[in-house]
Amino acid sequence: MKKRTRRVIFVSTIIFFIGILFTIFIKTFNENLLFYRSPSQIDSGNIPQGYIFRVGGVVLENSIRRHEDSTKIDFSITDFNKELEITYKGILPDLFREGQGVVMRGKLNDDGIFVAEEVLAKHDETYMPPELTDSLQIDESELERTSKSIR
Amino acid sequence: MIAYIGYFLILLALFNISLLIVSRPVLSKTSLDYNDLILSTSKLQFPLVLSSFICLAISFVIDDFSLRYISSNSNSALPFYYKISATWAGHEGSMLLWCLILSLWMFLASVYSKSLEPSFRGTFLLIMGLLNIGFLAFLVFTSNPFERNISIPIDGKDLNPLLQDFGLIIHPPMLYMGYVGLSVVFSFALTCCIKQDFKKEWAQWIRPWALSSWAFLTVGIALGSWWAYYELGWGGWWFWDPVENASFMPWLVTTALIHSLIICEQKSMFKNWTILLAIFAFALSILGTFLVRSGILISVHSFANDPARGAFILIFLAIVLGISFYIYFKNSSKIQDSFSFKLISKESFFLMNNILLVTATFTILLGTIYPLVLDLLGLEKISVGTPYYNAVFLPIMTPLVLLAGFVPIYLYFRNQAISKMYLYVLTSAIVVLFLSYMSILFTGEFNLSVMIGYIIFFWIVINLIFFTYRRYNDSKRFTFLSNSIGMLLAHIGLALFVLGATIVENNKIEKEMVMSVGDSIKIKNYNFTFSNLEEFEGPNYKSVRGEFTVLKDGDEETILYPEKRLYLSSEMPMTEAGISPGLSRDLYVTLGNIVSNNKWTVRIYHKPLIRLIWLGAILMALGAILSIVTKRREKSSVGVVLEK
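Residue numbers (my numbering), protein chains in the order written: chain A, 1 to 151; chain B, 1 to 644.
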């Protein structure tokens, strides 16, 4: 009897701790999900200010503006439907250039400009991020539905 | 011509291994022994695949651009050694390398398995053979490296500049040795299941295989991390990229496995659990291949992708898992196993180790797979970032690494008065807290994460030193080391890794700014001067090279040469970092983009103790190898005594 009680206690402690761990990590998981939006979705959907998400598009021709004596850089991206202004402070990946597909993580500021914290460009000149390829041919109903889900 | 021979050889290898299935019904009617056939087939497989691999390598060296794989991964201007390493730089070639390594492991398994009963050995090698068929079929039908171009190009497209590097020459073979080595463990575990037993000797036999796969995985992952650090130009050593996770998950499960095997061997417990771990470890390494090869991930590893390949691997994974679980659930209840133990015992601590490792694996699996599943279902495009992994993974790992410092102490005091242990643990904890606090005061301001890092480091190191000292003191001999030297070394490696990772992540200094030639900047007590900028030409690229003179407290420390290269045939720009490595710190400089003439954006990093990360990994692998070697020597010396 005693041995059995002990085992019950042992097993239930383990289950208890696993339960706690599980709740904690599901919570952290939800807090750290990053959603992907295309410029068109941003234009039509209400994305809360300060909400961190990812955006992708092709760097627009002649849109890159560098600032003298600062690593700050402004440029625009497009999904061939809508455009989005981006500002970024830092060093860009080697393959960042006009006409290249890029994906960024960041948030929108008051003026609707996307402040990027991280810029990703693939190390392959013909590369297009899969998310981008899809979003370039996204349809209206899809747009409607996905922009609802983050409200 | 050579390519034709290579192709023929790989088909021959597939035919040879397929004999295993075809001949079964035929042989049962004759007097020939099926097990003999299995044995000779599995030994023959390695030379066949090896020759085919050599043929591909030769075709690379002689620039045979009639092969599509070679024309898209090589170039006549590519240096000789990169032509060889380009053999496994793309998808098709790396799958051939995978098959080569699989047949190598099968060869080794058939040579070193004489001590196993013939029927057990037969089943074991048969399972390995079946895996071999699966991967060879994958190679031949979806990723043939010997496929020909319709029209022969004059020159090749060149190897991706990122991969033109020493790290790439050895990273994939090491990682694959680890991944595929798990197939031996997997096949063995499944055989145990079929034979409905898991004897002590069997656990003893399989442990070196698990340990060596683990050592290879460790080295492979560390090499990948090191390569990413100096080659990607971001100065990070781990990104929680799905591809890294893909290699890290099998590593974690194998770590659990090599611990649970100890209990299997010593106490005849946890047998079913161990078998399950072995199945999962290999399943995760196939899953890793699927993630990397199917092209659903964004990473440097996804080259040219093809949905058919992803589908093949996914189906293969489903078959392997389906059959394994069928066999497992059908037979596992018949394996004599025990799961009852005291709350405070060696078994229970090892179980905790296993639970923590498996939980950690699960959290990573969730972060890696969940976004993919959502995407494949067309529901939502999301990604899971570093904050999730740090928030979840680190709290799970902290008790685990503390356990690594405690269990040896428990094992030492177990046979003596346990009250002495409490006294010791208390003393040790005070000493550890004191030392950690002093180290923090000495190196910078107080920071909880750094404090935890120091505590873990000192806790493991001091307890292991105490353990070694007491064990030596008891017998005045070092013989006990033959049992524990591997464990000691691996755990010291773990402690160094934790220290390095914590310090570099919390105390690193990263500056990004615009500099022109002549400008200086001070970081800590180092003074960096952008002293020169020049252009030069390499074998297959041209380069702009900066020169940074670094002074430490006014004296010259080193000169760094970061480069910006442009590879000629692919027109791809590449950043080459200028690094001054050191045990106490790395200095890391890269050139960003040109702003105007002679004016560049520049990254300058100061990374304290980053080398400990890789040093720790090397020690872990070395520990694993040492425990294989000492175990073997011990076994053979017992044999000598018995013969006398």
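Where a beta carbon is used, it is the ideal one built from N, C-alpha and C, also for glycine.
Just so it is clear, the structure is predicted and the values come from calculations on it, not from any experiment.
- Along the stretch 560-589 of chain B, the beta strand (DSSP E) occurs as fully enclosed runs of 3 or more residues at 563-567, 572-576, 578-580, listed in sequence order.
- Within the same chain, Cβ atoms closer than 8 Å to the Cβ of R585 of chain B are found at H606, K607, P608, L609, I610, the five residues on either side in sequence being excluded.
- Per DSSP, reduced to three states, the secondary structure at T142 of chain B is helical.
- Look at L21 of chain A: its C-beta is under 8 Å from a C-beta on chain B.
- T359 of chain B is positioned such that its CB atom lies no closer than 8 Å to that of I335 of chain B.
- Judged by DSSP in its simplified three-state form, F239 of chain B adopts coil rather than helix or strand.
- Going by DSSP, P371 of chain B is part of the alpha helix (DSSP H) stretching over 346-376.
- The three-state reading of DSSP puts I418 of chain B in helix, counting H, G and I together.
- Per DSSP, H91 of chain B is one residue of the alpha helix (DSSP H) stretching across 91-111.
- Among the residues of the stretch 66-86 of chain B, none has a Cβ less than 9 Å away from any Cβ of chain A.
- K607 of chain B: member of the beta strand (DSSP E) spanning 599-608, first to last residue.
- Two segments are said to touch when three or more pairs of C-beta atoms, one from each, lie closer than 8 Å; by this definition the stretch 211-221 of chain B does not touch the stretch 344-352 of chain B.
- Counting along the chain, G220 of chain B sits inside the alpha helix (DSSP H) bounded by residues 200-231.
- For M451 of chain B, the closest Cβ of chain A is not nearer than 8 Å.
- Per the C-alpha coordinates, the member of A:F17, A:E31, A:A121 positioned closest to G101 of chain A is A:A121.
- Beta-bridge annotation (DSSP): V629 of chain B is not paired with any residue.
- For T28 of chain A, the nearest beta carbon of chain B is closer than 8 Å to its own beta carbon.
- For I42 of chain A against V59 of chain A, the beta-carbon gap comes to about 16 Å, at or over 8 Å, which does not count as contact.
- By the rule that beta-carbons nearer than 8 Å mark a contact, T427 of chain B does not touch chain A.
- Boundaries cannot be given for V517 of chain B, as no beta strand (DSSP E) includes it and DSSP labels it neither H nor E.
- Nearest to L44 of chain B by alpha-carbon distance, out of B:L108, B:Y81, B:L27, is B:L108.
- In this model, V292 of chain B and V384 of chain B are separated by some 17 Å (Cα to Cα).
- For L343 of chain B, the nearest beta carbon of chain A is closer than 8 Å to its own beta carbon.
- Among the residues facing chain A, S482 of chain B is not included, as its CB has no counterpart in that chain under 8 Å away.
- For M269 of chain B, no CB of chain A lies under 8 Å from its own CB, so it is not counted at the interface with that chain.
- Between G546 of chain B and L533 of chain B, the CB-CB gap stays under 8 Å.
- In chain A, no part has a C-beta under 7 Å from the C-beta of M177 of chain B; the shortest such distance is about 26 Å.
- By the Cβ rule, the stretch 114-129 of chain B does not count as touching the stretch 84-99 of chain B, because fewer than three pairs are nearer than 8 Å.
- S72 of chain B has its alpha-carbon roughly 42 Å from the corresponding atom of L496 of chain B.
- A621 of chain B has its alpha-carbon roughly 32 Å from the corresponding atom of I604 of chain B.
- Inter-segment contact for the stretch 220-230 of chain B and the stretch 356-373 of chain B is absent: fewer than three beta-carbon pairs are separated by less than 8 Å.
- As the crow flies, the alpha-carbon of R471 of chain B is around 8 Å from that of Y412 of chain B.
- Under the three-state reduction of DSSP, K83 of chain B is assigned to helix.
- Distance from the Cα of V185 of chain B is smallest, within the candidate group B:P172, B:L612, B:A203, for B:A203.
- Here the C-alpha atom of L190 of chain B lies approximately 16 Å from the C-alpha atom of V180 of chain B.
- Residue state for R477 of chain B is assigned as coil, using DSSP reduced to three classes.
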